[in-house]
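Okay, structure first, notes after.
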């Protein structure tokens with residue numbers, strides 16, 4: 001008899017929803033203060049999870065939600081990369 005594995009849930013910093021970890025992106029601030037998108041979910045540093053929707057990314061950009069969570073200025077390239085990854089997944 002196979003046992004069911006527990007699905008790890010994470011809370012989106014924009015919507016406040018608890019969703020499976022695999023259905024979200026992690027944005028990480030390293031100790032040096034660099035901000036990047038963590039597609040593996042294993043980079044070290046302070047992380048914030050965001051839903052895989054363009055609306056959530058645009059809301060985070062407008063309201064500076066990621067900047068408050070990670071306590072550092074977020075470059076526009078990070079938001080652009082998130083949107084690019086969302087669009088790539090929707091094509092597949």
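Residue numbers (UniProt numbering): 1 to 92.
Where is the CB? At the ideal position from N, CA and C, for every residue including glycine.
Please read these numbers as outputs of a predicted model, since none were measured by experiment.
Backbone secondary structure at residue i - three-state DSSP
{"i": "residue 88", "result": "helix"}
{"i": "residue 5", "result": "coil"}
{"i": "residue 39", "result": "coil"}
{"i": "residue 50", "result": "strand"}
{"i": "residue 11", "result": "strand"}
{"i": "residue 77", "result": "helix"}
{"i": "residue 58", "result": "helix"}
Option nearest residue i by Cα separation, candidates the options
{"i": "residue 27", "options": "66, 90, 59 and 86", "result": "66"}
{"i": "residue 15", "options": "37, 76, 2 and 49", "result": "49"}
{"i": "residue 77", "options": "20, 39, 61 and 10", "result": "61"}
{"i": "residue 73", "options": "34, 59, 42 and 38", "result": "34"}
{"i": "residue 22", "options": "54, 38, 29 and 32", "result": "38"}
{"i": "residue 9", "options": "3, 19 and 2", "result": "19"}
{"i": "residue 75", "options": "36, 90 and 88", "result": "36"}
{"i": "residue 59", "options": "89, 87, 88 and 79", "result": "79"}
Host alpha helix (DSSP H) of residue i (start-end)
{"i": "residue 68", "result": "65 to 70"}
Extent of the continuous beta strand (DSSP E) to which residue i belongs
{"i": "residue 18", "result": "18 to 20"}
{"i": "residue 45", "result": "Neither: residue 45 is in no beta strand (DSSP E) and is coded neither H nor E."}
{"i": "residue 27", "result": "24 to 29"}
CB of residue i within 8 Å of CB of residue j, strictly
{"i": "residue 17", "j": "residue 51", "result": "yes"}
{"i": "residue 45", "j": "residue 31", "result": "yes"}
Any non-hydrogen atom of the ligand ZN within 7 Å of residue i CB
{"i": "residue 65", "result": "Ligands displayed in this structure: none; no statement on the ligand ZN is therefore possible."}
CB-CB length for residue i against residue j, believed under 8 Å
{"i": "residue 92", "j": "residue 25", "result": "Not confirmed; about 15 Å, so no contact."}
{"i": "residue 29", "j": "residue 85", "result": "Contact flag wrong, Cβ pair sits at about 18 Å."}
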